[in-house]
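Colleague:
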Amino acid sequence: MRDEWEHAHTDYTMPVQRRMPASLAESESDWRHYLECSTPNGWLIQNNAMTETLVSGRPMYLLHTTKDIDAIRTSRQLHVSTGCLVGALYCSPLVSQRQGLRPHNLGAYLMRTKPSTTPMVFEVIPDAPIRPKGVDYLHLGAIHLRTYERYQSFLTLAENDQLDHAVLNGLRSAAVFLDVALRNAAGHATPAPEFIDQVSDAVAHVPFLGYLYFEVLSEYLMLHSVTPETKTYAQAGELNNWLYKRLAFAAVDGMDQLFDLARFNPRYHRLIQLIEVVEPALGPGVAEYVRRRLSHLFTRTALHPSQDAASVTFQGADLSTLRNVAPGLIGQMIFREIRYLPRYQQLYHCFEKAKALEAWDYWNSEGIPTPFNGILPKGEIGINPVYPRSAVRIWTAEQDSRGYLHPVEEVSAVFTPHLASWWAPPRQREIRTATTDSRVEVVLGARPPFPAQRASIDGISV
């Protein structure tokens, strides 16, 4: 169990230590070297402001936005959500300056796009320098699968059969592309335009591919961008989060109302158009980058490290075999399918609290009061609700005309090891009028009836 959590975390200040499937044309170390040394902003992977603050051991200031400040004041409790941070209060960094607390560009985005929320400032005083190990939700598949297998007795036989049927149908429909991705990872390149169209088609059958696709493009944009905006953020030690947000909202109608990466599937010509709108110079190289990078990441996150990418095939394989060969992929598929069971609203805490408890135990043993999204250290950071060795103070805040935050009222509230209730995107992807970008909003205190209290969609970057 601990090995799985270690596998799901990345420390960019240390050499690569993960085990990987055999026959990959490029190793994780090869990619790390390329991303850090051959991209304009790769130096920020190790030398970003957030990592420097973590390892300094100094007090950290974090921004969280909420619509439920009255519930917090009344209950004096803070609940956390699931998602890319598993079970943490979703925040972004603040920098203490003479003029006030300056939001990270991710926080500035949240403040600008969520004007009806109340900004909260958290001061976290750690007991020691914090290990900069970030959790990578793309690598949580084996944990999702193990948790499901441990608690599948909570489901009826019909519900388990329904899950197996849905996962197997998805695998069969996407098997040709999944094999194409494995072959590409092993060095047998296919034309990039054809690859992009294939992954676009496969997302409908294996929604996890939409998350991979989006994260690869986010990485490409943040590391390769050379706009004045990106350079300004880089001078402050920050990767530019605005880039992938513009991409997501342009790629999918209604993404601002329902941020669901299972709907992210631009085909080749549309992809080029989207990237050229965000930053024209990055259009020519994006398709080939996606082909190489997505194939590599899919193979690493889908297959068990003991497997040989050159010999695995998804075509004709049975589900029992694939649970051993590709536990990462099967776990990610089950994680995204199980929430559509009619009873999952009631069973959610059985499955998600189990993972949160393991994550909290891992973070406590590793000295991590503030876990972050480790796909890249881009500013998505949370607060571990059960870390016993750090002090936390909380204020509401106001923003001045220059964008700086100023604490106004100290809030008497404590973290509790409770998860906000589950909410899942609608099966037919219909767009609801209510705001559902809920990973950055946790409902705190008294529990109103479902679905007024929501947890996150899942591990998304929003």
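In the working numbering, the protein residues as written are 8 to 469. Note that CB positions come from ideal geometry on N, CA and C, so glycine has one too.
#1: Are the segment 45–63 and the segment 248–261 in contact at 8 Å, needing three or more beta carbon pairs?
#2: Please say whether H111 and G386 have beta carbons closer to each other than 8 Å?
#3: Taking the alpha-carbon positions, what's the G49 to D407 distance?
#4: If we count the other Cβ atoms within 10 Å of its Cβ and call it buried at 16 or more, is R9 buried or exposed?
#5: Helix, strand or coil: how does DSSP classify V206 here?
#6: Let me know if E416 comes out buried or exposed under the rule of 16 or more other beta-carbons within 10 Å of its beta-carbon.
#7: Which residue comes first and which comes last in the beta strand (DSSP E) that contains S36?
#8: Does the distance between the C-beta of A95 and the nearest non-hydrogen atom of the ligand SAH fall short of 7 Å?
#9: Alpha carbon to alpha carbon, what distance is there between T163 and F342?
#10: From which residue to which residue does the beta strand (DSSP E) around H16 run?
#11: By a C-beta neighbour count over all protein chains shown, 10 Å radius and 16 as the cutoff for buried, is V233 buried or exposed?
#12: Report yes if the C-beta distance between A398 and P414 is below 8 Å; otherwise report no.
#13: In or out: C98 buried (at least 16 other Cβ within 10 Å) or exposed?
#14: Starting from C98 and walking both ways along the alpha helix (DSSP H), at which residues does that stretch end?
#15: DSSP on I132, reduced to helix/strand/coil?
#16: Would Y470 and L117 be called neighbours here (beta carbons separated by less than 8 Å)?
#17: Determine the DSSP secondary structure at R274, reduced to helix, strand or coil.
#18: Whose C-alpha, out of G335, W370 and L228, is nearest the C-alpha of P287?
#19: Could you compute how far the alpha carbon of M27 sits from the alpha carbon of Q104?
#20: Go to W402, then tell me how far its beta strand (DSSP E) extends in each direction, as first and last residue.
#21: Can you name, in chain order, every residue of its own chain whose Cβ lies under 8 Å from the Cβ of T20, other than the five neighbours on each side?
#22: Can you tell me whether E13 is buried or exposed, with buried defined as 16 or more other CB within 10 angstroms of its CB?
#23: Please report how far the alpha carbon of V293 lies from the alpha carbon of G261, in whole angstroms.
#24: Which word fits N247, buried or exposed, when buried means at least 16 other C-beta atoms lie within 10 angstroms of its C-beta?
#25: For the candidate residues Q264, D267, L265 and Y296, whose alpha-carbon lies nearest to that of L278?
#26: By the DSSP assignment, the alpha helix (DSSP H) with M229 in it spans what residues?
#27: For D315, which beta-bridge partners are listed by DSSP?
#28: Please list, in chain order, all residues of the same chain as T209 whose beta carbon is under 7 Å from its beta carbon, the five residues on each side excluded.
#29: Whole angstroms are fine: how far does the CA of I337 sit from the CA of R330?
#30: When the Cα atoms are used, what is the spatial distance from D134 to D325?
#31: Got a sec? Which residues, its chain only, sit under 7 Å from Q396 by beta carbon, not counting five neighbours each side?
#32: Nearest by alpha-carbon distance to F422: which of L85, R39 and G90 is it?
#33: With a cut-off of 8 Å, do at least 3 Cβ pairs link the segment 360–370 to the segment 65–74?
#34: Mark S36 as exposed unless 16 or more other C-beta atoms lie within 10 angstroms of its C-beta, in which case mark it buried.
#35: Per DSSP, what kind of secondary structure is Y394 in: helix, strand or coil?
#36: Tell me the residue span of the alpha helix (DSSP H) that contains K252.
Modeller: If we stick to the structure as given:
#1: No contact exists between the segment 45–63 and the segment 248–261.
#2: Taking the first residue of the sequence shown as 1, we reach residue 386 at position 379. Taking the first residue of the sequence shown as 1, we reach residue 111 at position 104. Closer than 8 Å, so yes.
#3: Here the question's residue 49 lines up with position 42 in the sequence shown. Here the question's residue 407 lines up with position 400 in the sequence shown. When rounded, the distance between both Cα atoms is 33 Å.
#4: For the purposes of this step, residue 9 is taken as residue 2 along the sequence shown, with counting starting at 1. An exposed status is given to R9, since fewer than 16 other beta-carbon atoms sit within 10 Å of its beta-carbon.
#5: Along the sequence shown, one-based indexing puts residue 206 at 199. V206: helix per DSSP, three-state reduction.
#6: By one-based count along the sequence shown, residue 416 stands at place 409. With fewer than 16 other Cβ atoms inside 10 Å of its own Cβ, E416 counts as exposed.
#7: Position 29 of the sequence shown, counted from the first residue, corresponds to residue 36. Unbroken run through S36 is the alpha helix (DSSP H), E35 to C44; no beta strand (DSSP E).
#8: This structure does not include the ligand SAH; it has no bound ligands of any sort.
#9: If you number the sequence shown from 1, residue 342 lands on position 335. If you number the sequence shown from 1, residue 163 lands on position 156. Roughly 17 Å between the two C-alpha positions.
#10: Looking up residue 16 in the sequence shown gives position 9. Unbroken beta strand (DSSP E) run through H16: H16 to D18.
#11: Within the sequence shown, residue 233 is the residue found at index 226, counting from 1. Classification of V233: exposed, given that the 10 Å Cβ count is below 16.
#12: Position 391 of the sequence shown, counting from 1, holds the residue named residue 398. Position 407 of the sequence shown, counting from 1, holds the residue named residue 414. No, Cβ-Cβ distance for A398 and P414 is not below 8 Å.
#13: Taking the first residue of the sequence shown as position 1, residue 98 is located at position 91. By the beta-carbon neighbour count (other beta carbons within 10 angstroms, threshold 16), C98 is buried.
#14: As a working mapping, residue 98 is identified with position 91 in the sequence shown. For C98, there is no enclosing alpha helix (DSSP H); the enclosing beta strand (DSSP E) covers residues L96 to Q104.
#15: The count along the sequence shown starts at 1 and reaches residue 132 at position 125. Correct three-state label for I132: strand.
#16: Since the first residue shown for the chain is 8 and the last is 469, residue 470 is missing from the structure and cannot be characterised.
#17: Counting from 1 along the sequence shown, the entry for residue 274 is found at position 267. If DSSP states are grouped into helix, strand and coil, R274 belongs with coil.
#18: Locating residue 287 in the sequence shown gives position 280, where the first residue counts as 1. Nearest option by C-alpha distance: L228.
#19: Position 20 of the sequence shown holds residue 27. Position 97 of the sequence shown holds residue 104. A straight-line Cα-Cα distance of about 43 Å links M27 and Q104.
#20: In the sequence shown, residue 402 corresponds to position 395, counting from 1. Unbroken beta strand (DSSP E) run through W402: A398 to Q406.
#21: Looking up residue 20 in the sequence shown gives position 13. Cβ within range, chain order: Q53, T58, V62 and P139.
#22: In the sequence shown, counting from the first residue as 1, residue 13 sits at position 6. Of the residues assessed, E13 falls on the exposed side of the cut-off, its CB having fewer than 16 other CB atoms within 10 angstroms.
#23: Taking the first residue of the sequence shown as position 1, residue 293 is located at position 286. Taking the first residue of the sequence shown as position 1, residue 261 is located at position 254. Rounded to whole angstroms, V293 to G261 spans 24 Å at the Cα level.
#24: By 1-based counting over the sequence shown, the position of residue 247 is 240. It counts as buried.
#25: Mapped onto the sequence shown, residue 278 falls at position 271. Nearest neighbour of L278 by Cα position, chosen from Q264, D267, L265 and Y296, turns out to be Y296.
#26: Along the sequence shown, read from residue 1 onward, the residue named residue 229 stands at position 222. Unbroken alpha helix (DSSP H) run through M229: F215 to H231.
#27: As a first step, residue 315 must be located in the sequence shown, where it is residue number 308. A29, per the DSSP bridge assignment.
#28: The count along the sequence shown starts at 1 and reaches residue 209 at position 202. First, the residue type needs correcting, since residue 209 is Ala and not Thr in the sequence shown. Cβ neighbours of A209 beyond the five flanking positions: A181, F184 and L216.
#29: For this step, residue 330 is matched to residue 323 along the sequence shown. For this step, residue 337 is matched to residue 330 along the sequence shown. Whole-angstrom Cα-Cα distance: 6 Å.
#30: What you label residue 134 is simply residue 127 of the sequence shown in a count that begins at 1. What you label residue 325 is simply residue 318 of the sequence shown in a count that begins at 1. Near 49 Å, if we compare the C-alpha coordinates of D325 and D134.
#31: Here the question's residue 396 lines up with position 389 in the sequence shown. It should be pointed out that residue 396 corresponds to Arg in this sequence rather than to Gln. Residues of the same chain with a CB within less than 7 Å of the CB of R396, apart from the 5 flanking positions on each side, are D134 in chain order.
#32: As a position in the sequence shown, residue 422 is number 415, starting the count at 1. It is L85.
#33: Verdict: no, contact absent.
#34: Here residue 36 corresponds to residue number 29 of the sequence shown, with the count starting at 1. With fewer than 16 other Cβ atoms from the protein chains shown falling within 10 Å of its own Cβ, S36 counts as exposed.
#35: Within the sequence shown, the letter at position 387 stands for residue 394. Of the three classes helix, strand and coil, the one that applies to Y394 here is coil, per DSSP.
#36: Here residue 252 is taken as the residue at index 245 of the sequence shown, counted from 1. First-last of the alpha helix (DSSP H) with K252: W249 to A258.
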